[in-house]
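Colleague: Positions in the sequence shown are counted from 1; adding 1 to them yields the working numbering. Okay, handing you the structure first.
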Amino acid sequence: MNPVRIGILGLGTVGTGTLTVLERNAEEISRRTGCPIVVRKAAVKHLSKSRAPIVDRIELTDNPWQVVESADIDIVVELIGGEQPAYDYVAGALQNGKHVVTANKELIAVRGNELFEFAQRQSLVIGFEAAVGGGISIIKAIREGLAGNRIQSLVGIINGTSNYILTGMKEMQASFDEILKQAQEKGYAEADPAFDVEGVDAVHKISILASIAFGIPLQSIENIYRGGIGEITYEDICYAEELGYRIKPLAIAKHAEQGIEVRVHPSLVPHQRLLAKVDGVMNAVLVTGDAVGRTLYYGAGAGSEPTASAVVADLVDVVRASKTEPDGRVPPLAFRPGPASSCPMLPMSKVVSANYLRMHAINQAGVLADVTKILGNHEISIESIIQKSSGVHEDMVPVVIVTQETQEENIAAAVEQIEDLNTVVGRIIRIRINELS
Ligand code: HSE
2 MNPVRIGILG
12 LGTVGTGTLT
22 VLERNAEEIS
32 RRTGCPIVVR
42 KAAVKHLSKS
52 RAPIVDRIEL
62 TDNPWQVVES
72 ADIDIVVELI
82 GGEQPAYDYV
92 AGALQNGKHV
102 VTANKELIAV
112 RGNELFEFAQ
122 RQSLVIGFEA
132 AVGGGISIIK
142 AIREGLAGNR
152 IQSLVGIING
162 TSNYILTGMK
172 EMQASFDEIL
182 KQAQEKGYAE
192 ADPAFDVEGV
202 DAVHKISILA
212 SIAFGIPLQS
222 IENIYRGGIG
232 EITYEDICYA
242 EELGYRIKPL
252 AIAKHAEQGI
262 EVRVHPSLVP
272 HQRLLAKVDG
282 VMNAVLVTGD
292 AVGRTLYYGA
302 GAGSEPTASA
312 VVADLVDVVR
322 ASKTEPDGRV
332 PPLAFRPGPA
342 SSCPMLPMSK
352 VVSANYLRMH
362 AINQAGVLAD
372 VTKILGNHEI
382 SIESIIQKSS
392 GVHEDMVPVV
402 IVTQETQEEN
412 IAAAVEQIED
422 LNTVVGRIIR
432 IRINELS
């Protein structure tokens, strides 16, 4: 049995994990594929950097093209992340007749449409399970396990770093920055942590999942609504608890009658729901299909070996697929090329949700009346109000209002008007509520 020869681009957290898993589980893996998988070469940025002993057995280069163009490599594993230069290397690998496995969600979300088309023309395969949900195999579950369903919705926690930060703030009453630093030290965060906390990473991932679930092309990232967790304070976490909710960084894709919604933002989730109990770096995706009903996929969404688990699973899949006629392979985005779903994308302004609003108001008669009048003028009903003495500045009080469901355009206009009141100080924090019902 000739071994399948792998070249890796990038030996960071995931690359080193991939070497470790391939070596430790070599026997089981080759019983699954029918042949050994061996890493022949790896490209790294700094040859002189000290590395785990497992790397000593691999030939290293600081020139990625020596991997991409090597005649001794069958599959290129791209683990450098980002759109460029990763795109050039992946396109180069395909041009050189090599299958590709990547953990790069940005690359797939932004350039996937063209890369898949190119790979298909070359009868090559691109595996990207590690791009979403680390080790939980959410892509395979939707693409293959639920292939008999009309998928209705996906609601997930798919950025481990944001979840880790919100969980840490709650449990340790620590600051946002302290917990972010911990996430970076553990290798969960993106090179630019703004990608995690501002929702960019989750937008890339939900775009990929929505495409696989609904049979639509990968959407332009700019068209997906994105809200980050940067404005959420410990105060909000406590108010949410008092109201019976946890704040979770959700990514949502829904196929509703009026259109397809794809969005990323923090949400209040009832504390008894399973998603509310997904803490730390863990990821989970609740997928609802017409036949299966609700299904939940849970596991480590980032980290060395959990992500390597998905990379290696893709290697196994690619080895199997390479022995199959191209027409018999699983389409990368679940649907065979052809007419996409005709359902339009729903603009964010038409999305409906209940809302949590927190503001600081001057403690004087009539202030709440002004605020509730504005909400009423926009046909927004109030579910509950909390107003407490601040204990510090007696002339100012924090006010929390929970609204009933309303369209985004109504609540956005109302919030703007309330912020303009002389009796409301500073910006209003608005967090959408998702009852997950
Ligand atoms: N930064 C990502 C996260 C890593 O925190 O989820 C996994 O994609």
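Think of the CB as a built atom: it goes at the ideal place given N, C-alpha and C, for glycine as much as any other residue.
Buried or exposed for A27, please, with buried defined as at least 16 other CB atoms from any protein chain shown within 10 angstroms of its CB.
Modeller: The residue in question, A27, is exposed, as its Cβ has fewer than 16 Cβ neighbours within 10 Å.
Colleague: Give the C-beta separation of A72 and E79 to the nearest angstrom, bearing in mind that I take them to be a contact with Cβ-Cβ under 8 Å.
Modeller: That belief does not hold up - the Cβ atoms of A72 and E79 are roughly 19 Å apart, past 8 Å.
Colleague: Can you list, in chain order, the residues of its chain with a C-beta nearer than 7 Å to that of R295? Leave out the 5 residues immediately preceding and following it.
Modeller: The residues are L287 and T289.
Colleague: Candidates V5, G82 and I213: which alpha carbon is nearest H100's?
Modeller: The shortest C-alpha separation from H100 is found at V5.
Colleague: For G82, which option in A292, L61 and N105 has the closest C-alpha, if you only look at C-alpha atoms?
Modeller: Answer by Cα proximity: N105.
Colleague: Which same chain residues, not among the five before or five after V22, have their C-beta less than 7 Å away from its C-beta?
Modeller: Cβ within range, chain order: E306, A309, S310 and V313.
Colleague: By alpha-carbon positions, which one of A257, I419 and V39 ends up nearest to I375?
Modeller: Measuring from the Cα of I375, the nearest candidate turns out to be I419.
Colleague: First and last residue of the alpha helix (DSSP H) that includes L210?
Modeller: Counting along the chain, the alpha helix (DSSP H) containing L210 begins and ends at V201 to F215.
Colleague: For D396 versus N364, is the C-beta spacing smaller than 7 Å?
Modeller: A contact, by the Cβ cut-off of 7 Å.
Colleague: Is it the case that the Cβ atoms of H256 and F196 are separated by a distance below 7 Å?
Modeller: No; because the gap between Cβ atoms is not below 7 Å, this pair is not in contact.
Colleague: Under a Cβ-count criterion, where at least 16 other Cβ atoms within 10 Å of its own Cβ denotes burial, should S163 be classed as buried or exposed?
Modeller: With 16 or more other Cβ atoms within 10 Å, it is buried.
Colleague: Quick check on V331: does DSSP put it in helix, strand or coil?
Modeller: The answer is coil: DSSP assigns V331 none of H, G, I, E or B.
Colleague: Thinking C-alpha only, which one of D328, L369, V317 and I402 is nearest T19?
Modeller: Nearest option by C-alpha distance: V317.
Colleague: Look up R274 in the DSSP assignment and say whether it is helix, strand or coil.
Modeller: In the structure shown, R274 sits in coil (DSSP, three-state: anything other than H, G, I, E or B).
Colleague: Any heavy atom of the ligand HSE closer than 6 Å to the beta-carbon of Y189?
Modeller: Yes - the ligand HSE has a heavy atom lying nearer than 6 Å to the Cβ of Y189.
Colleague: Would you grab the beta carbon distance between G11 and G136 for me? Rounded to a whole angstrom, and I think it's under 8 Å.
Modeller: Not really, about 18 Å apart at Cβ, beyond 8 Å.
Colleague: With DSSP as the reference, please indicate the residues paired to H100 in a beta bridge.
Modeller: According to DSSP, which records beta bridges pairwise, H100 is partnered with I76.
Colleague: What do you reckon, is the C-beta of A303 under 6 Å from a heavy atom of the ligand HSE?
Modeller: For the ligand HSE, at least one heavy atom lies less than 6 Å from the Cβ of A303.
Colleague: For the alpha helix (DSSP H) holding T162, just list the boundary residues, first then last.
Modeller: Unbroken alpha helix (DSSP H) run through T162: G161 to M173.
Colleague: Can you tell me the Cα-Cα spacing of L275 and I253, whole angstroms?
Modeller: Taking the straight line from one Cα to the other gives about 16 Å.
Colleague: So what does DSSP say about I139, is it helix, strand or coil?
Modeller: Of the three classes helix, strand and coil, the one that applies to I139 here is helix, per DSSP.
Colleague: Quick one: using the 10 Å Cβ neighbour count with 16 as the cut-off for buried, is V40 buried or exposed?
Modeller: Answer is buried; the Cβ neighbour count reaches 16.
Colleague: Grab the span of the alpha helix (DSSP H) containing E70 for me, first residue to last.
Modeller: From DSSP, E70 is part of no alpha helix (DSSP H); its letter is neither H nor E.
Colleague: In the DSSP assignment, the alpha helix (DSSP H) including N423 goes from what residue to what residue?
Modeller: First-last for N423: undefined, no H or E at that position.
Colleague: What three-state label does DSSP hand E236 in the structure shown?
Modeller: It is helical.
Colleague: Pop quiz: S354 and N435 are said to be a contact at Cβ under 8 Å. What is the actual Cβ separation, rounded to whole angstroms?
Modeller: Correct: roughly 7 Å between the Cβ atoms.
Colleague: Who are the Cβ neighbours of G304 in its own chain at under 6 Å, not counting the five residues just before and after it?
Modeller: Contacts found: none.
Colleague: Hey, is the region 203 to 221 in contact with the region 173 to 190, meaning 3+ C-beta pairs nearer than 8 Å?
Modeller: The region 203 to 221 vs the region 173 to 190: no contact.
Colleague: Does the Cβ-Cβ distance between G188 and T17 come in under 7 Å?
Modeller: Contact: no.
Colleague: Below 8 Å CB to CB, which residues in the same chain sit around H47 once its five sequence neighbours on both sides are set aside?
Modeller: Contacts found: D63.
Colleague: Rounded to whole angstroms, what is the Cα-Cα separation between I166 and V91?
Modeller: About 33 Å.
Colleague: Assign G134 to one of two classes, buried (16 or more other C-beta atoms within 10 Å of its C-beta) or exposed (fewer than that).
Modeller: Classification of G134: buried, given that the 10 Å Cβ count is 16 or more.
Colleague: Just the Cα atoms here: how many angstroms apart are E380 and E417?
Modeller: One C-alpha to the other measures close to 15 Å.
Colleague: Given 8 Å as the limit, is there contact between the region 338 to 352 and the region 231 to 247, that is, 3 or more CB pairs closer than that?
Modeller: They do not touch, by the three-pair rule.
Colleague: Spatial neighbours of A341 within its chain, please: C-beta separation below 8 Å, excluding the five flanking residues on both sides.
Modeller: Only G216, I217 and P218 meet the Cβ criterion.
Colleague: Beta carbon of D197: closer than 6 Å to some heavy atom of the ligand HSE?
Modeller: Result yes, Cβ under 6 Å from the ligand HSE.
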